[in-house]
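Chains as they are written, first to last, in the working numbering: chain A, 1 to 99; chain B, 101 to 199; chain C, 201 to 299; chain D, 301 to 399; chain E, 401 to 499. Only one structure is covered here, and it is reproduced in the block below.
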Amino acid sequence: MKLGKVVGTVVASRKDEKLEGLRLYLVQDLSLDLKGRDAFVVAADSVGAGVGEVVLYASGSSARQTRDTDGRPVDAVIMAIVDQLEVGKALVFDKFKAG
Amino acid sequence: MKLGKVVGTVVASRKDEKLEGLRLYLVQDLSLDLKGRDAFVVAADSVGAGVGEVVLYASGSSARQTRDTDGRPVDAVIMAIVDQLEVGKALVFDKFKAG
Amino acid sequence: MKLGKVVGTVVASRKDEKLEGLRLYLVQDLSLDLKGRDAFVVAADSVGAGVGEVVLYASGSSARQTRDTDGRPVDAVIMAIVDQLEVGKALVFDKFKAG
Amino acid sequence: MKLGKVVGTVVASRKDEKLEGLRLYLVQDLSLDLKGRDAFVVAADSVGAGVGEVVLYASGSSARQTRDTDGRPVDAVIMAIVDQLEVGKALVFDKFKAG
Amino acid sequence: MKLGKVVGTVVASRKDEKLEGLRLYLVQDLSLDLKGRDAFVVAADSVGAGVGEVVLYASGSSARQTRDTDGRPVDAVIMAIVDQLEVGKALVFDKFKAG
């Protein structure tokens with residue numbers, strides 16, 4: 001999985017029929033020190049994430065293993081909202097302390 | 101999924117038999133501020149997209165989950181035409197206002 | 201799919217039994233203006249391509265969706281020979297006019 | 301597979317139901333001379349790895365071929381803990397001699 | 401497939417049970433002129449390759465299409481040993497002439 005931050009939303013009225021009802025987010029990749037990287041994906045949401053949250057997303061066929069994305073033409077899915085990240089023994093991210 | 105812009109078309113008369121009837125587009129990757137990137141793919145179209153449109157495409161086995169691409173040797177499919185993109189609270193793209 | 205040019209051939213007598221009979225080509229990635237990129241793959245051929253031709257190749261599990269590659273340990277297949285490429289309204293490649 | 305080092309942990313209370321019980325690690329890619337690279341993934345653990353260990357991780361659908369990850373939305377799994385690496389005839393890593 | 405050179409071996413006693421009996425090699429990517437690239441993978445061996453040999457490896461789910469790797473958490477497999485490479489009309493590699 002990749003570590004990312006939900007930075008925006010996508011609205012698409014004309015889309016494959018199997019995409020109906022899926023929320024699509026712009027997710028920017030993060031570095032290990034939580035800086036935004038140059039890369040991003042558009043990911044479906046299976047966990048009720050919101051803009052600004054730090055999340056994990058899965059890619060490829062693994063993105064179709066959630067109840068929401070099964071059998072759909074979706075190659076990236078947000079499957080977890082990150083509470084805490086520890087690198088070495090340092091807590092580098094805590095959702096409840098981050099502004 | 102990746103965010104891209106349809107920039108051209110591919111004509112191929114000699115191709116795998118399973119590709120018959122599929123429209124193939126050149127799709128250039130876009131950055132979050134809608135600038136063209138150096139990367140592009142050739143994607144099949146499942147939504148009736150046209151040159152100049154901003155789209156989403158799915159890659160890998162997920163590209164075979166549409167009715168048009170099922171079971172075909174296709175690793176990228178346009179599965180949505182983008183109407184609007186919002187980054188943070190700013191509307192960075194609106195199909196109906198873009199030229 | 202990726203746009204590439206067949207630049208060479210691979211001979212391998214010792215190989216997985218499922219590869220018997222497959223022709224393997226060196227395919228260099230091309231940019232949108234048909235320049236050779238630094239990246240290349242070794243792809244199986246399902247369309248009778250030859251050295252020098254501009255082709256499309258599919259990667260990953262999609263590379264196993266042709267009759268020739270089904271069930272084989274092959275992650276890239278040439279599935280179309282390009283006749284024409286149009287970017288915007290300009291014809292940037294025409295097989296029958298290219299040298 | 302990629303060679304990596306377990307550098308941290310991820311805590312996520314809100315996640316896809318199929319992720320329950322999986323341990324998620326931050327794994328930094330290593331170069332052939334065991335230096336940390338700029339790239340990292342979040343991988344599930346199928347072998348009882350710990351922070352600081354040099355491991356192998358598998359990506360994509362192959363990450364779902366362990367008993368722990370089967371059918372789950374997981375695209376990277378630690379499937380081996382490295383004891384020794386030999387490059388040419390030189391032993392470049394020995395778990396039992398590394399600090 | 402990618403062109404690579406077997407540059408070393410990996411020993412891992414603690415690993416997913418499905419990996420038992422597989423030989424794991426360090427394989428460095430090669431450029432078209434047979435120079436070592438900065439990228440490498442750890443690949444299972446299905447053809448009896450040895451250190452120093454120029455090989456092809458397949459990635460992703462295609463890496464599980466050999467008898468040795470079927471159903472295993474393996475995302476890269478050496479599936480051919482290269483005898484000769486021809487680029488244009490020049491023989492750029494010949495196993496039996498390479499030192």
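Even for Gly, the Cβ is constructed at its ideal location relative to N, Cα and C.
Straight across, the Cα-Cα distance linking LYS95 of chain A with LYS202 of chain C is about 40 Å.
When only Cα atoms are considered, LEU234 of chain C and VAL210 of chain C end up about 23 Å apart. If you look at GLN284 of chain C, you'll find it in the beta strand (DSSP E) that goes 284–287. Bridge partners of LYS405 of chain E according to DSSP: E:GLN428, E:VAL454. By the criterion of a C-beta distance shorter than 8 Å, VAL242 of chain C is surrounded in its chain by VAL210, LEU224, TYR225, LEU226, VAL227, ALA276, once the five residues flanking it on both sides are discounted.
Bridge partners of ASP94 of chain A according to DSSP: A:GLN84. SER431 of chain E and LEU256 of chain C have their C-alpha atoms roughly 20 Å apart. For ALA390 of chain D, no Cβ of chain A is located within less than 9 Å of the residue's own Cβ. SER131 of chain B has a beta carbon lying within less than 9 Å of a beta carbon in chain A.
Each of B:ALA158, B:ALA139, B:PHE140, B:ASP138 was checked against the Cα of VAL147 of chain B, and the nearest Cα belongs to B:ALA158.
Between GLY21 of chain A and GLN165 of chain B, the C-beta spacing is not below 9 Å. Per DSSP, ASP270 of chain C lies in no beta strand (DSSP E) and is assigned neither H nor E. Chain order gives the chain C residues near LYS402 of chain E as VAL241, VAL242, where near means a beta carbon separation below 8 Å.
One Cα belongs to PHE340 of chain D, the other to ASP329 of chain D, and the distance between them is close to 5 Å.
Closest option to GLU253 of chain C, judged by alpha-carbon separation, among B:ARG114, B:VAL106, B:LYS105: B:ARG114. ASP38 of chain A: member of the beta strand (DSSP E) spanning 36–45, first to last residue. Close CB contacts of LEU485 of chain E within its chain, under the 6 Å cut and outside five residues either way in sequence, are with VAL492, PHE493 (chain order).
ASP83 of chain A belongs to the set of residues whose beta carbon lies under 9 Å from a beta carbon in chain D. Using a 10 angstroms sphere on the CB of ALA344 of chain D, the tally of other CB atoms reaches 16 or more, which defines it as buried. In the structure shown, SER362 of chain D adopts helical secondary structure according to DSSP, grouped into three states.
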